[in-house]
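Take the sequence shown: its letters are residues 51 to 545, numbered as in our numbering. Glycine included, each C-beta is placed from N, C-alpha and C at the ideal position. Notes to accompany the following structure.
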Amino acid sequence: MDRVEVRTRFAPSPTGFLHIGGLRTALFEFLWAKKNNGKFILRIEDTDQARNVPGALENIVQTLTDFKLNPDEGFYWDGVVLEKGDRGPYLQSKRLGLYKKYAEDLVNRGNAYYCFCSQERLTALRSEQTAKKIPPKYDKLCLKLTKEEIQNKIKNNEPKVIRLNVPPNQQIRFTDLVHGQIEISTNDLDDQVLLKSDGFPTYHLAVVVDDYLMGVNYVIRGEEWIPSTPKHILIYSSFGWELPKFAHLPLLLSKSRKKLSKREGDVAVKDFLEQGYLPEALLNFVALLGWNPKTEQEKFTLDELIEEFSFEKLNKSGAVFDLEKLDWLNGVYIRELKIEELHLRLLPYLTETFTEFKKYPKEFLFKIIALEQGRLKKLSEIGERVRYFFSEPEFNPELLRWKKMNNEEIKQSLSDAKKIISNFEFQISKQEIEKKFLDELTGKDKGSMLWPLRIALTGLKASPGPFEIMEAFGVLPNGREIILSRIKKALSRFR
Ligand code: GLU
């Protein structure tokens with residue numbers, strides 16, 4: 051017998067830009083499909099028209115491409131949003147006819163029914179139930195209508211919805227690939243609206259119809275969908291369709307184990323990318339949210355993730371979003387980039403800070419980038435870190451003071467440095483520069499010599515050392531002049 055092709059889908063609603071949780075869901079769907087040589091589908095669930103956000107669809111599709119999570123079917127990005135696959139359309143608002151047909155089919159099977167109740171009645175019912183402290187549920191009033199009554203109401207164009215006819219006193223059981231056995235009583239389920247009065251389906255109908263028609267056999271999604279799954283199972287069973295396997299991913303939590311806040315990372319993926327997290331680092335980080343490789347390994351390429359991924363390694367309990375860990379991991383990835391590549395990735399941030407920087411020789415840019423490569427956590431930090439290479443630093447002269455140095459000592463130290471620098475050939479390595487200094491420094495305290503010099507050059511409390519900085523400036527034809535003029539300027543502040 052042929053093995054059934056694994057088909058997964060990511061089914062976001064275009065109600066906002068792609069968030070970390072969505073990226074994680076998409077990643078796990080992608081990994082499982084690829085691991086099994088199956089297909090990964092990107093379907094857009096836009097049935098709640100009032101909540102659709104302009105630009106969200108484009109953002110979701112493009113962001114997945116940024117992470118190389120390219121769908122085999124559905125929407126993909128090639129400068130614009132395009133669609134492929136033979137089970138489309140992959141946009142739910144283009145499939146309304148289908149949902150209507152299946153909803154009516156459910157009515158004919160007795161598993162759904164027309165409901166004509168007004169909003170007022172439903173609101174009153176709800177308040178009554180809340181007052182009695184019973185969970186609000188539709189009371190199946192319209193199920194009592196006769197065929198003729200229903201026909202008449204339809205003929206009179208009375209507003210109507212189609213509701214799922216949830217049978218009482220049944221246990222719905224399913225095996226979740228993450229959480230194991232889950233059992234929910236139908237007494238806890240409401241007669242869910244499946245088709246709204248405007249002809250649009252609700253999520254519950256559309257998701258089942260589409261997963262079925264698109265041959266989806268693994269439904270991987272956030273844990274918040276567990277309570278909806280029994281409703282979906284009822285619809286599958288009404289049609290006699292085979293159930294897909296379900297995997298509900300653990301919630302994402304903040305460090306304080308609460309719902310993720312904006313400050314703690316409930317932010318669009320695009321914002322993370324703009325701050326200068328590398329897609330490969332962010333994806334690696336996201337993969338570890340709730341998925342435990344069960345080894346010490348923390349760095350994974352996409353191919354390694356495909357290789358290693360399995361549902362057994364998913365945690366049941368919430369996954370803590372640890373921004374410090376993301377920073378650390380991003381730093382690891384930054385340090386592994388070749389300098390040319392890092393230069394390319396930093397270009398947008400450098401351009402932002404110094405429009406003029408393209409006039410500088412590449413060799414110079416490579417040198418200053420190499421100086422910071424070991425310390426960068428995010429690409430966006432580069433501007434502030436290397437600003438002093440492009441413009442004279444402004445700083446409080448007090449910063450020039452090393453420990454208890456007095457003004458005379460600071461002046462002496464800077465003048466000594468000036469003299470040393472004027473006396474050697476410039477384009478030399480930092481080791482050679484260091485040697486020139488150390489030769490002159492015998493007997494003197496290193497800090498009192500080098501601190502004022504470094505501050506004069508950078509204006510920063512923390513920066514690379516003065517020899518490395520001078521080596522980099524040495525690449526510029528006027529490197530020595532820049533250095534000397536900064537020392538003079540620092541000196542002038544003690545006059
Ligand atoms: N459209 C739903 C969402 O926005 C999809 C949930 C599911 O995967 O079934 O999350």
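Within the segment 435-493, the complete alpha helix (DSSP H) runs of at least 4 residues fall at 457-472 and 480-491.
Counting only runs of 4 or more residues that sit fully inside the segment 133-201, the alpha helix (DSSP H) segments are 146-158 and 169-181, in chain order. The beta carbon of Tyr-286 sits closer than 7 Å to those of Val-258 and Leu-293, all from its chain and outside the five residues before and after it, given in chain order. Beta-bridge partners assigned by DSSP to Ser-367: none are found. In the structure shown, Lys-246 falls within a coil segment according to DSSP collapsed to helix, strand and coil. DSSP places Gly-433 in the helix class (H, G or I) of the three-state scheme.
Annotation for Gln-112: Trp-127 place their beta carbon closer than 7 Å to its own, counting only its chain and skipping 5 residues before and after. For Trp-501, the enclosing alpha helix (DSSP H) has its first and last residue at 496-508. In the structure shown, Gln-221 falls within a strand segment according to DSSP collapsed to helix, strand and coil.
Counting C-beta pairs with one atom in each stretch, the segment 88-97 and the segment 54-61 have three or more that are closer than 8 Å, which means they touch. Straight across, the Cα-Cα distance linking Leu-114 with Arg-451 is about 51 Å.
Less than 9 Å separates the beta-carbon of Asp-96 from that of Leu-141. Contact between the segment 291-307 and the segment 265-280 is present: 3 or more CB-CB pairs across the two stretches fall below 8 Å. Taking all protein chains shown into account, Asn-87 has fewer than 16 neighbouring C-beta atoms within 10 Å of its C-beta and is therefore exposed. In the three-state reduction of the DSSP assignment, Ala-512 falls in the coil class.
Residues Ile-222, Phe-224 and Leu-293 of the same chain have their beta carbon placed closer than 8 Å to that of Ile-283, with the five preceding and five following residues left out of the count. Between Tyr-383 and Ala-331, the CB-CB gap stays under 9 Å. The C-alpha of Asn-380 is placed about 6 Å away from the C-alpha of Tyr-327. The alpha carbon of Val-336 has as its nearest neighbour, out of Arg-53, Gly-71 and Phe-523, the alpha carbon of Gly-71.
Burial check for Asp-238: the Cβ neighbour count within 10 Å stays below 16, so the residue is exposed. Two segments are said to touch when three or more pairs of C-beta atoms, one from each, lie closer than 8 Å; by this definition the segment 74-82 touches the segment 348-360.
Apart from the 5 residues on each side of it in sequence, Arg-74 sits with its Cβ closer than 6 Å to the Cβ of Val-336 and Leu-339 in its chain, given in chain order. Taking a contact as a CB-CB distance under 8 Å, the pair Arg-385 and Gly-433 does not count as one, their CB atoms being some 19 Å apart. The C-alpha of Glu-390 lies about 19 Å from the C-alpha of Leu-526.
Non-local beta-carbon contacts of Leu-376 in its own chain, meaning distances under 6 Å to residues more than five positions away in sequence, involve Phe-335 in chain order. The segment 129-149 makes contact with the segment 247-256: 3 or more CB pairs, one atom from each, lie closer than 8 Å. Between the alpha carbons of Pro-514 and Leu-302 lies a distance of about 38 Å.
Lys-281 and Glu-199 have their alpha carbons spaced roughly 27 Å apart. Each residue's CA atom was taken as its position, placing Lys-349 and Glu-154 some 51 Å apart. Asn-365 and Gln-231 have their C-alpha atoms roughly 15 Å apart. The alpha-carbon of Pro-64 is positioned some 9 Å away from that of Asn-109. In the three-state reduction of the DSSP assignment, Val-131 falls in the strand class. Taking the CA atoms as reference points, Lys-197 sits about 19 Å from Ser-247.
Take Thr-279, set aside five residues on each side of it, and the residues of its chain with a beta-carbon closer than 7 Å to its own are Phe-224 and Phe-296, in chain order. Taking a C-beta distance under 9 Å as the contact criterion, Phe-476 and Phe-439 do not qualify as a contact pair. Here the alpha carbon of Pro-209 sits roughly 10 Å from the alpha carbon of Tyr-164.
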